[in-house]
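If you read the sequences in order, they're chains A and B. Per this note's numbering, the first sequence runs over residues 85 to 253. Per this note's numbering, the second sequence runs over residues 85 to 253. Quick reminder that beta carbons are idealized off the backbone N, C-alpha and C, glycines included. Just so you know, these numbers come straight off a predicted model, no measurement behind them. Below you'll find the structure, written out as structure tokens, and then a few comments.
Protein chains: 2
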Amino acid sequence: MKNFVKKIPEGDSNERDVCATCGFVDYHNPKIVAGAVVAHEGKILLCRRAIEPQKGFWTLPAGFLEAHEQPEEGAVREVREEACAEIVLEGLIGIYTVKCISQVQMFFRARFAGAPVFAAGEETLEARFFAWEEIPWDEIAFPSVTWMLQSWKTGVDGIADLGRFSVRV
Amino acid sequence: MKNFVKKIPEGDSNERDVCATCGFVDYHNPKIVAGAVVAHEGKILLCRRAIEPQKGFWTLPAGFLEAHEQPEEGAVREVREEACAEIVLEGLIGIYTVKCISQVQMFFRARFAGAPVFAAGEETLEARFFAWEEIPWDEIAFPSVTWMLQSWKTGVDGIADLGRFSVRV
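Shown next, in the form of structure tokens:
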């Protein structure tokens with residue numbers, strides 16, 4: 085049984101969830117979601133979700149960044165896991181903060197590393213190419229997927245040089 | 085007493101810290117650090133740390149993003165807390181992933197909202213303007229502060245239009 089109480093830890097100025105039994109402080113920092121718009125000959129790779137939330141709806145391959153992972157690495161890993169595809173990142177599309185759920189979403193434009201080979205991963209019912217006019221807007225899983233697709237379409241050429249503003253240490 | 089054990093939770097593929105008593109899963113996702121290079125007439129605002137780690141060393145005002153906070157808001161808040169200054173952000177300087185400590189650091193270029201008024205906040209011993217050639221490189225608190233200052237100096241003019249790639253929702 086969890087036994088968290090609201091409390092301001094010593095040296096802190098905000099109320100946190102503190103375990104009344106062991107004193108563990110469960111800081112709720114925003115989580116980073118990393119993903120990619122993988123395009124090939126103008127078509128975009130979308131995945132139909134095999135898991136909740138929004139099971140059966142279409143999404144861009146994306147997921148929570150893991151510890152010690154760079155956002156770029158997370159995007160590559162998620163595409164591998166959800167669409168069984170190997171990609172090369174070409175630039176940052178945008179950073180969207182979804183405040184209500186404490187997520188900072190970073191999406192990258194990408195191409196296939198080799199041939200445009202993909203398949204449904206474990207969390208995916210179906211992976212498919214869509215031309216822009218074929219995208220099933222009414223069956224998109226999350227609003228941020230729509231925003232990212234629109235940002236991708238708009239084409240932010242001035243910030244496409246990834247190496248200039250995202251450095252891995 | 086914390087009672088965490090390493091375990092793969094159901095539906096997960098990675099080992100996590102799970103409390104053997106209550107089942108709480110302590111996911112270790114990367115944390116976002118947000119901060120700013122606040123410049124005025126070519127001088128940069130630095131803060132001498134009043135707290136560990138690196139107490140007594142100089143840093144840019146920055147800190148962990150709080151729940152439901154946008155990186156831009158975090159940067160403004162940290163400058164307010166650490167240097168008692170009100171700023172306006174002008175653009176993203178860079179995103180640095182410090183993998184060893186699971187931090188994704190986002191720094192913004194900024195100017196004072198009004199007059200260049202500042203003071204030492206609670207976690208700061210001293211806040212001060214430095215011309216570029218005056219920066220005490222040997223007394224900088226963290227390597228990422230040096231990288232951010234250098235990125236700021238380089239000036240990434242092409243990505244200075246914040247609104248284009250960071251959207252708040």
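Tell me, please, which residues DSSP counts as bridged to A134(A). A134(A) is not bridged to any residue.
Tell me, please, whether the stretch 170 to 182 of chain A touches the stretch 92 to 109 of chain A by the rule of three or more beta-carbon pairs shorter than 8 Å. no
Measure how close the beta-carbons of K115(A) and S228(A) come, nearest whole angstrom, since I'm counting them as under 8 Å. Not a contact, Cβ separation roughly 13 Å.
At least one CB of chain B closer than 9 Å to the CB of T181(A): is that the case? yes
Are E207(B) and R133(B) touching if we call contact CB-CB under 9 Å? The answer is yes: Cβ separation under 9 Å.
Measure from the C-beta of K91(B) to each C-beta in chain A and report whether the shortest distance is under 9 Å. So, not an interface residue.
Going by DSSP, what residue range makes up the alpha helix (DSSP H) through K237(A)? 227 to 238
Cβ pair A159(A), A151(A) closer than 9 Å: Between A159(A) and A151(A), the gap from beta carbon to beta carbon reaches 9 Å or more.
Three-state secondary structure (DSSP) of I185(A): helix
Please look up how many angstroms separate the CB atoms of V209(B) and G140(B), rounded, as I've assumed it's under 8 Å. Just to set this straight, residue 209(B) is Leu in the shown sequence, not Val. At roughly 7 Å, the Cβ-Cβ gap stays under 8 Å, so L209(B) and G140(B) are in contact.
Counting only Cβ pairs nearer than 7 Å, list the residues of chain A close to A151(B). H112, N113, P114, S186
Can you list the beta strand (DSSP E) stretches of 3 or more residues lying completely in the stretch 89 to 156 of chain B, in chain order? 100 to 103, 115 to 124, 127 to 133, 146 to 148
Any beta carbon from chain B within less than 9 Å of P52(A)'s own beta carbon? Since the displayed chain A opens at 85 and closes at 253, residue 52(A) lies outside it and no answer follows.
With a threshold of 16 other CB atoms inside 10 Å of the CB of V259(B), please say whether the residue is buried or exposed. As displayed, chain B neither begins before 85 nor continues past 253, which places residue 259(B) out of reach and without an answer.
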